[in-house]
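**Q**
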Amino acid sequence: HLQLTTNTSGEAAGNGTDLKVDASSSDFQLLNYESSNITLWTAGAERLRISSNGNVGIGTSSGSLGVSNPLSRLSVRAINNHTSGSDREDLVTFQQGISAWQVGRGAGIRWVGDNNRTMAGISSYIFGSEQTGLAFETGGANSTGNLKPTTRMVINHNGNVGIGTASPVSLSGQTSLTINGTSVARLDLQGTGQLYANNTEVVLQGAYGKPVAIDAGTNQHISFRYATSEKMRLDSNGRLLTSGLTGTIAS
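With the numbering used here applied, the sequence shown corresponds to residues 33 to 283, in that order.
#1: Just how far apart, CA to CA, sit R142 and V124?
#2: Tell me, to the nearest whole angstrom, how far the beta carbon of V193 is from that of A167; I am working on the premise that it is less than 8 Å.
#3: Return the first residue and the last residue of the beta strand (DSSP E) that R184 is part of.
#4: Assuming R184 and E169 are in contact, meaning their beta carbons sit under 8 Å apart, how far apart are those beta carbons, in whole angstroms?
#5: Output needed for G191: all residues of its chain with C-beta closer than 8 Å, excluding positions within five of it in sequence on either side, in chain order.
#6: Spatial neighbours of D267 within its chain, please: CB distance less than 7 Å, with the 5 preceding and 5 following residues excluded, ordered by chain position.
#7: Measuring alpha carbon to alpha carbon, tell me which of L63, I70 and A217 ends up nearest P102.
#8: Going by beta carbon distance, what residues of the same chain come within less than 6 Å of R81, once the five residues before and after it are set aside?
#9: When the Cα of D247 is compared with those of G270, A239, N230 and Y240, which residue comes out closest?
#10: DSSP has M264 in a bridge; who is on the other side?
#11: Leaving aside the five residues before and after E43 along the sequence, list all residues of the same chain whose C-beta is less than 6 Å from its C-beta, in chain order.
#12: Do you know offhand how far R265's Cα is from I158's?
#13: Can you list, in chain order, the residues of its chain with a C-beta nearer than 8 Å to that of Q134? Leave out the 5 residues immediately preceding and following it.
#14: For V135, which three-state DSSP category applies?
#15: Going along the chain, which residues of its own chain have a beta-carbon closer than 6 Å to the beta-carbon of T49, five neighbours each way excluded?
#16: For the stretch 37-106, which segments carrying the beta strand (DSSP E) assignment without a break, of at least 3 residues, lie completely within its bounds, in sequence order?
The structure is reproduced here in structure tokens:
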């Protein structure tokens, strides 16, 4: 082993820093016996720090955050400050080779509890050739051990969102939210109002004693459709136009 000491650290065993190969495990070890940091530098600048409390900092040392003062187990600070909407700096890159565009989850991040139980995750998701998005997963941990988490929500390559389905509805020129429940797909609105659909009907329900408001915005109309074809319209003047939509006013 190689022991490095200073006048202030002392020269006895257990002082300063030690580089060695552990006799029992054959692990290569860098040991800092002092209450100080371990730092790595390149090109005359500090790039990585392991603080005395075990936190790791990567990045620049400017400001109160970053490599010089890691506030969590891993702190990563960008080199450049964000100054415009076009600025982007990837702090962490997850790379996975793709030999075929196989539909399903790819590389991701996992939250793991005791006994290596997966609790939740965020993964890349392949929807088809050159079509990638994100999958959000939960429900992988229970008392029997590590279970594969279930995909609960996806954002596909077109920005469509699916909850309870990995195949959100995709219509040309539209961005959609698709909710697929086991028996009832429900969207709970603010308060106790609800918008939900089951096998027989779609229900918009307001809170008890409260009105239900449908607001199309200034100078816009409300359209009622069947099988994507408009059948009735409430125009901005309050007129209800029915079949043909040529100006017929329903009583």
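The beta-carbon is built from N, C-alpha and C at its ideal position, and this holds for glycine as well.
**A** In short:
#1: Translated into the one-based positions of the sequence shown, residue 142 becomes position 110. Translated into the one-based positions of the sequence shown, residue 124 becomes position 92. Cα-Cα distance, rounded: 15 Å.
#2: Start at 1 with the first residue of the sequence shown, and residue 193 comes out as number 161. Start at 1 with the first residue of the sequence shown, and residue 167 comes out as number 135. 11 Å between Cβ atoms; not a contact.
#3: Counting from 1 along the sequence shown, the entry for residue 184 is found at position 152. Residues T182 to I187.
#4: As a working mapping, residue 184 is identified with position 152 in the sequence shown. As a working mapping, residue 169 is identified with position 137 in the sequence shown. About 6 Å; that satisfies the 8 Å criterion.
#5: Working through the sequence shown from its first residue, we reach residue 191 at position 159. Counting only Cβ-Cβ distances below 8 Å, and skipping sequence neighbours, we find T207.
#6: Counting from one through the sequence shown, the residue named residue 267 turns up at place 235. Cβ neighbours of D267 beyond the five flanking positions: H253 and L273.
#7: Counting from 1 along the sequence shown, the entry for residue 102 is found at position 70. When each option's Cα is compared against that of P102, the closest is I70.
#8: As a first step, residue 81 must be located in the sequence shown, where it is residue number 49. Contacts found: N69, T71, G89 and V99.
#9: Locating residue 247 in the sequence shown gives position 215, counting from the first residue. It is G270 whose Cα lies nearest to the Cα of D247.
#10: The residue given as residue 264 occupies position 232 in the sequence shown. According to DSSP, M264 bridges with F256.
#11: Residue mapping note: residue 43 aligns to position 11 of the sequence shown, counting from 1. Excluding residues within five positions, the ones whose Cβ falls inside 6 Å are T37.
#12: Against the sequence shown, residue 265 aligns to sequence position 233. Against the sequence shown, residue 158 aligns to sequence position 126. When rounded, the distance between both Cα atoms is 39 Å.
#13: Along the sequence shown, read from residue 1 onward, the residue named residue 134 stands at position 102. Answer for Q134: I158, listed in chain order.
#14: Your numbering for residue 135 matches position 103 in the sequence shown. Three-state result, V135: coil.
#15: Here the question's residue 49 lines up with position 17 in the sequence shown. Closer than 6 Å at the Cβ level, and outside the excluded window around T49, lie L36 and N64.
#16: Counting only unbroken stretches of 3 or more residues, the beta strand (DSSP E) elements lying wholly within the stretch 37-106 are 49-53, 60-64, 70-74, 77-82 and 88-90, in sequence order.
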